[in-house]
Amino acid sequence: MTTQFKSLLQVLDYFKNEETCITYLANSRWGETPACPHCGHVGAYVTNRGFKCKAKECGKKFTVTTGTIFENTKISLRTWFAAMYLCTAHKKGVSSLQLSRDLNITQKTAWFLLHRIREMLLSNQSEHLTGPVEIDETYVGGSIKNKSNKKRKQLRDSGEVWAKKTSVIAMVQRDGEVRTTVVKANSVKYSDVLPLIRANVAEDALIITDSATMYSSLKHDYKHETVNHVQKEYVRGAMHTNTIEGFFSHLKRGIVGVYHSISPKHLNRYCDEFAYRYNTRKITDVNRFEDAIKNVNNVRLTYADLIK
6 MTTQFKSLLQ
16 VLDYFKNEET
26 CITYLANSRW
36 GETPACPHCG
46 HVGAYVTNRG
56 FKCKAKECGK
66 KFTVTTGTIF
76 ENTKISLRTW
86 FAAMYLCTAH
96 KKGVSSLQLS
106 RDLNITQKTA
116 WFLLHRIREM
126 LLSNQSEHLT
136 GPVEIDETYV
146 GGSIKNKSNK
156 KRKQLRDSGE
166 VWAKKTSVIA
176 MVQRDGEVRT
186 TVVKANSVKY
196 SDVLPLIRAN
206 VAEDALIITD
216 SATMYSSLKH
226 DYKHETVNHV
236 QKEYVRGAMH
246 TNTIEGFFSH
256 LKRGIVGVYH
266 SISPKHLNRY
276 CDEFAYRYNT
286 RKITDVNRFE
296 DAIKNVNNVR
306 LTYADLIK
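Encoded structure:
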């Protein structure tokens with residue numbers, strides 16, 4: 006793979022035409038020998054429109070975009086690659102309105118394109134988190150102080166101050182990766198948290214949380230330490246939740262400063278986007294771009310599925 010571009014201008018200079026993009030994508034997917042995306046057979050005939058599988062029991066035709074997020078796209082791969090570079094390089098993301106202006110496409114196209122990119126950025130979560138693991142939750146939604154006086158009074162009178170917010174649970178391994186889960190509820194309970202922890206955290210890992218009551222029962226299943234933020238205890242030796250709160254600060258600043266408003270329906274993809282950039286924070290922008298290209302296989306998100 007190439008590592009000779011370090012900015013968007015160099016990306017566009019390198020991918021100067023569609024043929025260069027196709028060659029780059031083919032090398033990223035298959036190397037020297039194409040593999041059939043339908044049956045997995047390695048080896049294909051070259052046709053005037055792409056390839057044809059050499060396996061007699063298959064024999065299907067395919068192109069370099071078949072079985073990827075680019076399949077059936079009307080957008081040039083050059084535009085796709087520029088959007089992927091911007092999405093993965095900008096620390097707090099890029100809005101569809103900004104992307105539409107940068108790439109001279111419609112806002113609707115940019116919005117759909119960005120969601121398809123986010124769909125492929127979901128990290129491999131097969132391995133459990135080890136070592137000290139910090140766990141915390143945050144709530145995404147409009148602040149009550151920004152609502153009208155009438156609406157604020159209604160919320161306070163009904164006790165539904167958090168009713169319009171969506172919960173996000175995140176867990177991060179110290180000096181490692183972060184994982185996020187959107188909980189479609191306005192509050193998080195221990196019954197919501199425990200299955201997620203069991204699915205993502207090793208049994209012998211030390212878990213560090215704040216003093217929220219929903220974490221109090223963790224001591225029965227894990228080594229568990231807390232820091233009491235209510236009593237203004239934020240650090241006790243190596244015990245703190247500053248790492249996960251640092252990730253939440255990036256997420257919240259991106260939402261407030263770049264996206265402004267996010268639908269709970271799509272919040273999980275935005276969280277995946279921020280988690281991907283966080284988990285690849287130690288590599289360069291070009292290496293992050295190359296890593297993202299490797300995730301294009303077997304990921305499809307149609308517009309009908311996106312808006313349903």
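Mind the numbering: the sequence shown is residues 6 to 313 in the numbering used here, read in order.
Even for Gly, the Cβ is constructed at its ideal location relative to N, Cα and C.
Alpha carbon of residue i to alpha carbon of residue j, nearest angstrom
i: residue 268; j: residue 93; result: 21 angstroms
i: residue 211; j: residue 135; result: 8 angstroms
i: residue 156; j: residue 285; result: 41 angstroms
i: residue 131; j: residue 154; result: 47 angstroms
i: residue 196; j: residue 122; result: 32 angstroms
i: residue 272; j: residue 48; result: 40 angstroms
i: residue 308; j: residue 265; result: 22 angstroms
i: residue 137; j: residue 175; result: 14 angstroms
i: residue 310; j: residue 88; result: 21 angstroms
i: residue 79; j: residue 163; result: 49 angstroms
i: residue 22; j: residue 34; result: 19 angstroms
i: residue 117; j: residue 26; result: 21 angstroms
i: residue 313; j: residue 263; result: 25 angstroms
i: residue 250; j: residue 18; result: 39 angstroms
i: residue 183; j: residue 159; result: 37 angstroms
i: residue 12; j: residue 100; result: 19 angstroms
i: residue 300; j: residue 161; result: 46 angstroms
i: residue 65; j: residue 71; result: 11 angstroms
i: residue 240; j: residue 248; result: 11 angstroms
i: residue 189; j: residue 270; result: 9 angstroms
i: residue 68; j: residue 56; result: 6 angstroms
i: residue 150; j: residue 81; result: 44 angstroms
i: residue 219; j: residue 275; result: 26 angstroms
i: residue 114; j: residue 20; result: 21 angstroms
i: residue 254; j: residue 76; result: 35 angstroms
i: residue 223; j: residue 152; result: 37 angstroms
i: residue 61; j: residue 52; result: 16 angstroms
i: residue 227; j: residue 221; result: 11 angstroms
i: residue 288; j: residue 296; result: 10 angstroms
i: residue 199; j: residue 32; result: 42 angstroms
i: residue 229; j: residue 194; result: 17 angstroms
i: residue 181; j: residue 192; result: 27 angstroms
i: residue 238; j: residue 24; result: 58 angstroms
Proximity below 7 angstroms, CB of residue i to CB of residue j
i: residue 201; j: residue 186; result: yes
i: residue 252; j: residue 283; result: yes
i: residue 279; j: residue 90; result: no
i: residue 172; j: residue 142; result: yes
i: residue 63; j: residue 95; result: no
i: residue 97; j: residue 259; result: yes
i: residue 306; j: residue 124; result: yes
i: residue 206; j: residue 133; result: yes
i: residue 104; j: residue 277; result: no
i: residue 144; j: residue 170; result: yes
i: residue 291; j: residue 86; result: no
Status (buried if at least 16 other CB within 10 Å, exposed otherwise) for residue i
i: residue 303; result: exposed
i: residue 225; result: exposed
i: residue 245; result: buried
i: residue 320; result: The structure shown does not extend to residue 320, since the chain is modelled only from 6 to 313, so the question has no answer here.
i: residue 45; result: exposed
i: residue 178; result: buried
i: residue 50; result: exposed
i: residue 147; result: exposed
i: residue 74; result: buried
i: residue 28; result: exposed
i: residue 16; result: buried
i: residue 261; result: exposed
i: residue 14; result: exposed
i: residue 204; result: exposed
i: residue 84; result: buried
i: residue 298; result: buried
i: residue 54; result: exposed
*Assess, as a yes-or-no matter, whether the stretch 227-237 is touched by the stretch 208-219 under the definition of 3 or more beta carbon pairs within less than 8 angstroms.*
yes
_In chain order, what are the residue ranges of uninterrupted beta strand (DSSP E) at least 3 long that sit wholly in the stretch 96-156?_
138-145
*Note down, one range per segment and in chain order, each alpha helix (DSSP H) of at least 4 residues found wholly within the stretch 177-215.*
195-205
*At a cut of 8 angstroms, does the stretch 37-56 reach the stretch 91-111 through at least three beta carbon pairs?*
no
_Contained alpha helix (DSSP H) runs [length at least 4] in the stretch 19-54, N- to C-terminal order_ = 23-35
_Every unbroken beta strand (DSSP E) inside the stretch 210-290 [3 residues or more]_ = 211-215, 228-232
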